[in-house]
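Here's the structure we're looking at; comments come further down.
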Amino acid sequence: MTQVNRLNGGLIDRSTSLNFRFDGKTYSGFQGDTLASALLANGVRLMGRSFKYHRPRGVLTAGSEEPNALVELRSGGRQEPNTRATVAELYDGLDASSQNRWPSLERDFMAINDRFSNFLTAGFYYKTFMWPKAFWEKLYEPIIRKAAGLGSLTGEDDPDLYDKGFLHCDLLIIGSGPAGLAAALTAGRAGAQVILAEEDFELGGRLIAESCTLAENSGADWVMQTQAELAGMSNVRLMPRTTVFGAYDHGIYGAVERNTDHLAEPAPGKPRQTLWRIYSKRALIATGAIERPIAFENNDRPGIMLAGAVRAYVNRWATTPAQSVVVFANNDDTHQTARDLMAQGVKVPAIIDTRPDAPDVEGTEVLKGAEIINTSGRLGLSAVRVRVAKGYTRDLFCEALAMSGGWNPNLGLTCHQRGRPVWNADIHAFVPGEGLPVGQIVAGAAKGELTTDAALRGGAAAAVSALADLGITATPADLPAAQDAPVSLSPFWHVKDAKRAWLDFQNDVTVKDVKLAHQENFTSVEHLKRYTTLGMATDQGKTSNVGALAVMAELTGKSIPETGTTIFRPPYTPVAMGALAGRATGKDFHPTRLTPSHKWAEDQGAVFVEVGNWMRAQWFPRKGETHWRQSVDREVLQTRNSVGVCDVTTLGKIDVQGADAADFLNFVYANGFAKLPVGKVRYGLMLREDGVAYDDGTAARFAEDHFVVTTTTANAVLVYRNMEFVRQCLCPNMDVQLISTTEAWAQYAVAGPNSRKLLQKIVDPEFDISNEAFPFMACGEVTVCGGLRARLFRISFSGELAYEIAVPTRYGDAMMRALMEAGEEFDVVPYGTEALGVMRIEKGHATGNEINGTTTALNLGLGRMVSDKKDCIGNVLSRREGMNAPDVLALVGLKPVDAKDTLLAGGHLMNKTGPVDVANDQGYVTSAAYSPTLQSSIALGFVKGGFDRNGEQLRLVNPLEDKEILVEIVSAHFVDPEGERLRA
Amino acid sequence: MIIDHPLLGPRDAQEFTYLGDASLINRPDWQCENALSEFHDYLYLRDNPAGEHRELWYHEQGDRSWLVVTRNTVTHEILSVELAHDVAKAVTAGRSAK
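In the order they appear, the protein sequences are chains A and B. Under the working numbering, residue 1211 is the last one in the first sequence; the count climbs by one each step, no gaps. Under the working numbering, residue 439 is the last one in the second sequence; the count climbs by one each step, no gaps.
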């Protein structure tokens, strides 16, 4: 196909021809084109289908406010839906396709919706799918879901890299039109640190879209010259292709830089997009203005565009939407469209101006006081019907229409901190009001300075005043004179009595829908939006909100400012999830922590389980074992019969030092620590201030002023945070210091009757670890393997004679190997978290299943540990009446009456007879396991008043599967209740 | 938000963990006459002002200081930042040291 609509001039590089595809057809354009400009140049007007009615649509705008021309770009993992063709930079090989149509853009099955538009009015869904109720889930919802949404994803992983970065500046300038460039020149020359962010790939804004001149030069020449000067300043950072999407607290702005969206794919290692967090001392909003359409009958046909967009295509991209273009406006500004077109030889049959006193334009007819009352052309405009001032109608043949109802300042970023726009009656538009984000100022068209001259001077003045706040003296840059006339406009929103006149093109909201909303009393702006879907989806009503508001104002008989306005939230334009995630994807989002002996465990064929971020060995299967239970049972039995080793490095470790270390721990633990002798370890339970238990562990006293505390794996961070809170906020006068040493030490549990014999081979001989010298709950600093410093604790989670030995992390792997080698003669076995769990259930030790955020020390059977002779976190509120009632839940052991039954955690307990319901609930099972030691399923659980119910039978119920198992309440200490093994 | 750390200067709020009302520093005396109700009020009763609010922030991704930040909850303006340790010392100045 040839570029039938390509004109002369423009800012495209005609020496670089680019081939691209749209809906399977190949076209060519030039470097500097957008997908939209290239398609228009090739005579393609039809680019999409509307969301609700599937109406044929073409491009409406030339910028990021585009509601219609949403396309899918690329394929595979890079496929991206809902990209506006107006901002998609053309590259060689670009593959684009239209959306929301089937089977093709020309013949769309769902266009049938358009015939039923009388039914599909505002509130259709709310009114229609109410009954029968049963139809909702099975029928209505699936159908609506299928019809909803735009575009599609492949479900493949995005192969590209997204980065995040941080920038700081004195002045952030958002937008590089006349105001932004003038401000950048002024601030740059004053030596301030300046960032100039522009969403387009070219700087200049309207200066490169208009044919206006600045002094003797074209606007584009002045932009080029200014850009060259700014690029030479080391204190100015020019950021084209960068959308500032949000204004946040304290001068922080969020921005996305599209580094390589304009290439087929990024160079290896280069990011596709970068999310910038910009810390600005001052920020200048120079985001220009967005033109507003006029609502009239069938104003949505492909070829009907905003006049400013038509001028941008003609002047910047040397493209006309068609060879014959009619202009429809309520203002002088738009007449330039006709002049620009005619200068390029494009036919302009007429200008239709709603104002009876509109000026004449040389070369074409101006129909004054006229309105367009209908259009025709199924897949693209072919004619407009005009009602002239005298009342009769005229048909004008044309393939495009350039319309303009005036301009709205683009003030989205001024609203992100609850700023409310105010109505400016001079320009008939909302301008930024009070309550701008801290440090934010506005200049140019965004402020309502709608002429080029006002924008240039406003931008420079804004920069001077912003820098003055910062103590930087600047003088306004010398600026060329722009010759443009003041705004002359008389408000005109919609042509009366139209059957279907579109206000919001993206969401198919017509004037009639607003009338319906009004009729049904949804008159507030926020209700109007939600009832009609006005201003929703990707364009957020950039072209439609004010028009709809004006219609509502007319219907309610109020003024526009009385009717109010919706405000804008971030993001200004859609931001890809990939950009927000940055590099935090996959394992970089959820990192894995490995213990020092991980490699060794892997070599043993260990099966791992994720605990927090840690990978812990769950069990170590051996040859011939086909079921995990076989491995776990073997590990338990071998540990109980001889010796086993378990990696417990993941436990949190906190070093507590200082003269008041003992008093400090006495305060954070429920039980007493003040009198713990040096060389001893004690189990400790931590409560929340409300008296509920939240963590347990041990504290070992290595010196008068030195303790080592362990926490559970999951709570390591929380306990440390809470201990710092107590230290700094509650005990500020104590001499105590904390440091987390979780990662500094590798720690191994060595458990079983032969554990001492094994360790005697590891611990250097000068340290006596006999039962007499190193009894149960002893701790000490030792050396191992001929001089390596280590910490030894005689503590037991398994209930066996057991130790934990800690060595500096870098020796963890070697320690594990040494233990296994030394243990060979005892047939030592490594055991994982499953065997650990079985043994602690057999011993009745609580873990997170029991210390689950709802249970107290009393519930856990540790009530006596909470000392009432001292102050500690949680002790006062743990004495509350309700938490000490006679029938509180108590931790008990459970075993099936029929040894063949298997107990499962999570089930609730009911009395042996009687109803199974909440009112009769007796408690629940927290942990269950098969005990190879007892050769029976066993469980721990909480039972109401359970301390006095030993021997009672209950039913463990599973109403979901209609199962009941008879269980007996027993001591939670299934194995060695007297603790003889521990002390052996 | 940016929190001006008394020791480290301006830091991004991302580095901090939020706890809540700074009144948590004023822990009642466990032996006082109405200890149970004092602790109840201490733990559960909070003002929720639209405006100035003294609150606790923890520099978890930094130097582990607990800070008392006075912030306007409507505008997010930060009016002052103190080390919680200093605030707590002042609170306990009248009492006997623990």
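The C-beta atom is built at its ideal place from N, Cα and C for all residues, glycine as well. Keep in mind that this is a model prediction, so the values were computed, not measured.
Close beta carbons around Pro801 (chain A), own chain, < 8 Å, minus the five adjacent residues each side: Asn309, Thr765
State the Cα-Cα distance for the pair Arg276 (chain A) and Glu1188 (chain A), rounded to the nearest angstrom. 50 Å
Per-residue contacts from Arg405 (chain B) into chain A (C-beta, under 7 Å): Glu951
Starting from Ser715 (chain A) and walking both ways along the beta strand (DSSP E), at which residues does that stretch end? It is not in any beta strand (DSSP E) - Ser715 (chain A) carries neither H nor E in the DSSP assignment.
Using a Cβ-Cβ distance cut-off of 9 Å, determine whether Arg647 (chain A) contacts chain B. no
Helix or strand or just coil, what does DSSP make of Tyr758 (chain A)? helix
Please list, in chain order, the chain B residues whose beta carbon lies closer than 7 Å to that of Gln550 (chain A). The contacting residues do not exist; Gln550 (chain A) stays about 55 Å from chain B at best.
Whose Cβ in chain A lies nearer than 8 Å to the Cβ of Phe380 (chain B)? Glu916, Val1103, Leu1104
Along chain B, which residues have their Cβ under 8 Å away from the Cβ of Gln845 (chain A)? Per Cβ cutoff of 8 Å: no residues; Gln845 (chain A) is ~30 Å from chain B at best.
Touch test, the stretch 267-285 of chain A against the stretch 729-740 of chain A, Cβ-Cβ under 8 Å, three pairs minimum: yes
Cα-Cα separation between Trp363 (chain A) and Phe247 (chain A), rounded to whole angstroms: 44 Å
At the 9 Å Cβ level, is His426 (chain B) part of the contact set with chain A, yes or no? yes
First and last residue of the alpha helix (DSSP H) that includes Phe891 (chain A)? It spans 888-895 - the alpha helix (DSSP H) in which Phe891 (chain A) sits, taken as one unbroken run.
Taking DSSP as the reference, what is the three-state secondary structure of Gln310 (chain A)? The displayed chain sequence assigns Thr, not Gln, to residue 310 (chain A). In the structure shown, Thr310 (chain A) sits in a strand (DSSP, three-state: E or B).
Using the three-state DSSP reduction, which class does Tyr540 (chain A) fall into: helix, strand or coil? helix
Own chain, CB closer than 7 Å to Val738 (chain A), minus 5 neighbours either side, in chain order: Ala522, His721, Ala725, Ala728, Leu730, Val778
Comparing alpha-carbon positions, which option in A:Gln987, A:Gln884, A:Ala1033, A:Val963 lies nearest Leu878 (chain A)? Closest option to Leu878 (chain A), Cα to Cα, is A:Ala1033.
Let me know the secondary structure DSSP gives Met779 (chain A) once reduced to three states. Helix.
Using C-beta distances below 8 Å, list every residue in its chain close to Asn1076 (chain A), excluding the 5 sequence neighbours before and after it, in chain order. Ala1132, Thr1153, Ser1154, Leu1167
Tell me which same chain residues have a C-beta within less than 6 Å of the C-beta of Glu1179 (chain A), skipping the five on either side of it? Spatial neighbours of Glu1179 (chain A) in its own chain (CB-CB distance under 6 Å, excluding positions within 5 residues in sequence) are listed in chain order as Ile1196.
Straight-line gap, Ile579 (chain A) to Thr702 (chain A) (C-alpha atoms, nearest Å): Going from the Cα of Ile579 (chain A) to the Cα of Thr702 (chain A) covers about 44 Å.
Would you list the one or two residues that DSSP bridges to Cys396 (chain A)? A:Ser507
Going along the chain, which residues of its own chain have a beta-carbon closer than 7 Å to the beta-carbon of Ala1215 (chain A), five neighbours each way excluded? Chain A is shown from 228 up to 1211; residue 1215 (chain A) falls before or after that span and cannot be answered.
Closer than 8 Å by C-beta to Glu598 (chain A): which residues in its own chain qualify, once you throw out the five before and the five after it? Chain order, please. Taken in chain order, the residues that qualify are Phe523, Ile579, Thr581, Val613, Arg614, Val722.
So the alpha helix (DSSP H) Gly871 (chain A) belongs to, where does it begin and stop? Segment 871-874 is the beta strand (DSSP E) holding Gly871 (chain A); no alpha helix (DSSP H) there.
Cβ of Glu423 (chain B) less than 9 Å from any chain A Cβ? no
By the 10 Å Cβ neighbour count, where 16 or more other Cβ atoms means buried, how is Met804 (chain A) classified, buried or exposed? exposed
Cβ-based neighbour list, Gln355 (chain B), same chain, cut-off 6 Å, excluding 5 preceding and 5 following: Excluding sequence neighbours, Gln355 (chain B) sits near nothing in its chain.
Quick one: which chain A residues come within Cβ less than 7 Å of Arg368 (chain B)? Leu957, listed in chain order.
Verify whether the separation of the beta carbon atoms of Lys1070 (chain A) and Ser1025 (chain A) is less than 9 Å. Taking the C-beta atoms as reference points, Ser1025 (chain A) is found nearer than 9 Å to Lys1070 (chain A).
Check the Cβ-Cβ distances between Tyr506 (chain A) and every residue of chain B, and say whether any is below 9 Å. yes
Which listed residue (A:Pro848, A:Arg1210, A:Thr1160) has its alpha carbon closest to that of Tyr1058 (chain A): A:Pro848
Where Phe523 (chain A) sits in the DSSP three-state scheme: coil
Let me know if Cys373 (chain B) comes out buried or exposed under the rule of 16 or more other beta-carbons within 10 Å of its beta-carbon. exposed
Pick from A:Arg433, A:Thr261, A:Val271: whose alpha carbon is nearest that of Leu490 (chain A)? A:Thr261
Contact criterion: CB-CB distance below 9 Å. Does Glu356 (chain B) meet it with respect to chain A? no
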